[in-house]
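In my numbering, the protein residues as written are 756 to 1200. Note that beta-carbon positions come from the ideal geometry of N, C-alpha and C, so glycine has one too. This one's a predicted model, so the numbers in the text were calculated from it and none came from an experiment. Below is one structure, written out as structure tokens; comments come after it.
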Ligand code: TRP
């Protein structure tokens, strides 16, 4: 039923575009700052290498063999209990849920692109006021930019796999890399650079507790876009005979390099201009604008470029967050692409409005349950519950449910001697790791 296929490079760029997102440039640096640098980075890198890479291959394999939307792919590849396993395919829903706050954050970024053109806060205090004022009082501004992000994402998706998603990624990903590379080149000339390297790469184990550990593992999954059917959906449009291992390698490699480069840039700037790295989620929206101010005119240019890069990273991830459910409605219900994209878009747009309201004074009181408001609940539920469940199901599915001969036929020629270790990791290491991450993020451990 599907005719459009990614080109090889298109698939790699689209998957890398999915993986490289707000997680790399916004979240990774600030959690690295919070958990003390080097040791945390090391745990994250090991997880990416030992678990992330193997799950990435598994997810691509399900898509590649299933060749349909996530629900149908699980259904068709399960030798028995098809009706039960198809529910694993609803991990595509997590992407739509993530979009509820992702789109709002992209909206903030758009807003920052525009304001950085003319204004940068001169102190961290001032930057904080600017950010919290937007967050708590500026409903219409946030709504405007959230709507803009909804329009762009829906437009690209309705253009389809090749004409929309592939094209966008082939343009935005290199642009993102060029922007980061030029900022990195500048960072290399500053004294703060060696401090940044030291901070990120010399492990201080005293800062590592179980929470840091689980955060690192959880982030490795989030940043690789695993456990939500996004990579799977893209892989369903891979050409026959494509090399899954090579593609997975490139995606993991690009994602990791970009996270590290972004971290080095940010920490260099922060050290150079006298801010400390541990600043929490406000790092790029609060500490960074003040640092850009210190840099003078080049700071203005960098501020705009930086937020443009961040927006690009966010948009390429967004399309892959929505595509699984779009594909589901096209494949299973015969909807037109236009109808599917607009419906899915309206879903995250509408709930996104609630996410904005849940931070606005006067409304947030009605949208807060327990310790979290609506925005935070969605963030928490997707990252702490849905994503580990998705990862767990996928590992168990490829490791235990699918016939080994089928898995082996595709993967052994590509993995060669590494086939058995890969299979072992899917069966015994990943499910246990996911289970621990889930329990601890849910606060059970
Ligand atoms: N990887 C993205 C980032 O780093 C976020 C993300 C998580 C994602 N799961 C996803 C993106 C699924 C696309 C699909 O920001």
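Taking the CB atoms as reference points, tell me whether residue 1186 and residue 1150 lie closer together than 8 Å.
-> Taking a C-beta distance under 8 Å as the contact criterion, residue 1186 and residue 1150 qualify as a contact pair.
Which word fits residue 874, buried or exposed, when buried means at least 16 other C-beta atoms lie within 10 angstroms of its C-beta?
-> Exposed, since its Cβ has fewer than 16 Cβ neighbours within 10 Å.
Segment contact, 8 Å Cβ cut-off, at least three pairs: the region 810 to 822 with the region 975 to 994 | Touching, yes.
So residue 983 packs on residue 1145, CB below 8 Å; how close in whole Å?
-> Separation of the CB atoms of residue 983 and residue 1145 is rounded to 6 Å, and the pair is thereby assigned contact status at 8 Å.
Secondary structure at residue 1123, three-state DSSP: helix, strand or coil?
-> DSSP places residue 1123 in the strand class (E or B) of the three-state scheme.
Three-way DSSP call (helix, strand, coil) for residue 1128 in this model | Correct three-state label for residue 1128: strand.
Just checking, does the region 839 to 851 make contact with the region 1045 to 1065 on the three C-beta pairs under 8 Å criterion?
-> Here the region 839 to 851 makes no contact with the region 1045 to 1065; the two share fewer than three CB pairs at distances below 8 Å.
Short check: CB of residue 1006 to CB of residue 774, under 8 Å?
-> Cβ atoms of residue 1006 and residue 774: closer than 8 Å.
Taking only the alpha-carbon atoms, compute the straight-line gap between residue 872 and residue 1056 and give it to the nearest angstrom.
-> The alpha-carbon atoms of residue 872 and residue 1056 are separated by roughly 8 Å.
When every heavy atom of the ligand TRP is checked, does at least one fall within less than 7 Å of the C-beta of residue 977?
-> The closest heavy atom of the ligand TRP lies less than 7 Å from the beta carbon of residue 977.
Could you tell me if residue 1143 is buried or exposed, where buried requires 16 or more neighbouring beta carbons within 10 angstroms of its beta carbon?
-> Counting of Cβ neighbours within 10 angstroms places residue 1143 among the buried residues, the total reaching 16 or more.
Alpha carbon to alpha carbon, how far is residue 1020 from residue 1008?
-> Cα to Cα, residue 1020 sits roughly 18 Å from residue 1008.
Three-state class that DSSP yields for residue 1115 in the structure shown = In the structure shown, residue 1115 falls within a coil segment according to DSSP collapsed to helix, strand and coil.
Consider the C-beta atom of residue 983 and the heavy atoms of the ligand TRP; say whether any pair is separated by less than 7 Å.
-> Yes, Cβ of residue 983 sits closer than 7 Å to a heavy atom of the ligand TRP.
Cβ of residue 777 within 7 Å of any heavy atom in the ligand TRP?
-> Flag set: Cβ of residue 777 near the ligand TRP.
Where the alpha helix (DSSP H) containing residue 1143 begins and where it ends = Looking at the DSSP string, the run of the alpha helix (DSSP H) that includes residue 1143 is 1142 to 1151.
Measuring CB to CB, does residue 981 end up less than 8 Å from residue 807?
-> Residue 807 is positioned such that its CB atom lies closer than 8 Å to that of residue 981.
Cβ of residue 1204 within 8 Å of Cβ of residue 1103?
-> There is simply no residue 1204 to check, as the chain begins at 756 and stops at 1200 in what is shown.
Within 10 angstroms of the Cβ of residue 1116, are there 16 or more other Cβ atoms? Answer buried if so, exposed if not.
-> Exposed, because fewer than 16 other Cβ atoms sit within 10 Å of the Cβ of residue 1116.
What is the rounded straight-line gap between the Cα of residue 810 and the Cα of residue 798?
-> Between residue 810 and residue 798, the C-alpha separation is close to 17 Å.
Could you tell me whether the Cβ atoms of residue 955 and residue 787 are closer together than 8 Å?
-> Against a cut-off of 8 Å, the Cβ pair of residue 787 and residue 955 comes out as a contact.
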